[in-house]
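First up is the structure itself, then whatever we jot down about it.
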Amino acid sequence: MGVSERFWNAPLDELKRGYVEEKKNFLCLLCGTKVEKGLIYPEKEVLYEAERYMQLHIEQSHESVFDYIIGMDKKLTGLTEHQNNLMRLFYEGKNDKEVQKEMGIGSASTIRNHRFVLKEKERQAKMFLALMELLKEKDAHAPSLVPPHQKAKMIDSRYDVTEEEQAKTIAKFMPDGVLLTFPPKEKQRLIVMRKVAKKFSVGQTYNEKEVNEIIAAIFDDYVKVRRYLIEYGFLRRRSDGSAYWVNE
233 MGVSERFWNA PLDELKRGYV EEKKNFLCLL CGTKVEKGLI YPEKEVLYEA
283 ERYMQLHIEQ SHESVFDYII GMDKKLTGLT EHQNNLMRLF YEGKNDKEVQ
333 KEMGIGSAST IRNHRFVLKE KERQAKMFLA LMELLKEKDA HAPSLVPPHQ
383 KAKMIDSRYD VTEEEQAKTI AKFMPDGVLL TFPPKEKQRL IVMRKVAKKF
433 SVGQTYNEKE VNEIIAAIFD DYVKVRRYLI EYGFLRRRSD GSAYWVNE
């Protein structure tokens with residue numbers, strides 16, 4: 233199971249802390265980094281046991297689980313831009329008056345009303361989750377969907393991909409791991425780019441030549457593939473193209 237699947241399938245308590253415990257490691261749900269159990273990790277003259285070091289990794293690499301999740305596409309969080317901004321300020325510990333002043337809207341009572349709306353959204357989310365869990369027990373015809381990657385961009389119908397669709401697309405365009413022809417349809421391209429992105433290691437930085445070489449081993453038009461990897465949010469790069477990395 234990939235990191236994105238582990239992320240989407242994680243129970244709430246694991247998702248909140250941002251990592252899961254495995255037999256030999258602690259796995260970061262946000263980027264896939266693993267910390268081996270039983271080792272001591274030095275950091276700035278301080279020694280950390282494995283689980284505390286994983287917590288430190290999340291702080292240093294992602295700021296917090298809250299910051300990571302709230303920075304995801306609004307189609308994945310279900311938050312409007314306005315709600316997103318409010319939650320960021322609430323998380324910073326600002327009171328209603330401070331939030332009202334910073335956002336320049338209404339009054340302190342207006343902000344208090346927004347808090348009530350968010351609480352209502354929380355209650356609705358709990359009921360929806362309960363309904364979906366109950367539905368899974370009865371609905372034998374529901375398609376098995378491939379979860380979108382956490383940093384997906386422009387979430388739309390392209391991301392409605394079943395496991396069967398994914399398997400058929402890969403078998404058609406990349407039967408032996410090499411891209412035979414560039415897919416003509418957006419959904420097919422997304423599936424193929426997800427497969428190509430797995431050739432890159434999380435946490436490693438690549439220069440443009442290295443990126444081109446990895447892609448060229450899969451498809452001759454590496455410039456096109458590289459562009460789509462960035463467009464779909466699988467890779468990020470510096471503005472001058474001097475460095476590329478997996479979009480965590």
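With the first letter of the sequence shown counted as 1, position 167 gets the number 399 in the working numbering; the numbers rise by one all the way through.
Ideal Cβ placement from N, Cα and C applies to all residues, glycine included.
- By the criterion of a C-beta distance shorter than 6 angstroms, isoleucine 272 is surrounded in its chain by Leu279, once the five residues flanking it on both sides are discounted.
- By the criterion of at least three beta-carbon pairs nearer than 8 angstroms, the region 405-421 is not in contact with the region 320-337.
- Secondary structure at valine 393: coil, using DSSP grouped into helix, strand and coil.
- Partner residues in the beta bridge of asparagine 257, as assigned by DSSP, are Glu268.
- If you draw a straight line from the Cα of arginine 344 to the Cα of lysine 329, it is about 9 angstroms long.
- Per the DSSP secondary-structure output, threonine 437 pairs in a beta bridge with Trp477.
- The C-beta separation of valine 428 from proline 415 comes to about 11 angstroms, leaving the pair out of contact by the 8 angstroms criterion.
- Under the three-state reduction of DSSP, glutamate 295 is assigned to coil, being neither helix nor strand.
- As a beta-bridge residue in DSSP terms, arginine 469 pairs with Tyr476.
- Within the same chain, Cβ atoms closer than 6 angstroms to the Cβ of tyrosine 476 are found at Tyr438, Val443, Leu467 and Arg469, the five residues on either side in sequence being excluded.
- For glutamate 277, the secondary structure class from DSSP, reduced to helix, strand or coil, is coil.
- DSSP, reduced to helix, strand and coil, places valine 378 outside both helices and strands of the structure shown, so it counts as coil.
- Secondary structure note for histidine 346: its alpha helix (DSSP H) is the uninterrupted segment 340-370.
- When DSSP states are grouped into helix, strand and coil, tyrosine 460 belongs to the helix group.
- Asparagine 317 places its beta carbon 8 angstroms or farther from that of lysine 383.
- Look at valine 235 here: in three-state DSSP terms it is helix.
- In the three-state DSSP reduction, valine 424 falls in the helix class (H, G or I).
- Each of Arg459, Asp388, Ala357 and Tyr454 was checked against the Cα of aspartate 305, and the nearest Cα belongs to Asp388.
- By the Cβ neighbour-count rule, methionine 364 is exposed, with fewer than 16 other Cβ atoms within 10 Å of its own.
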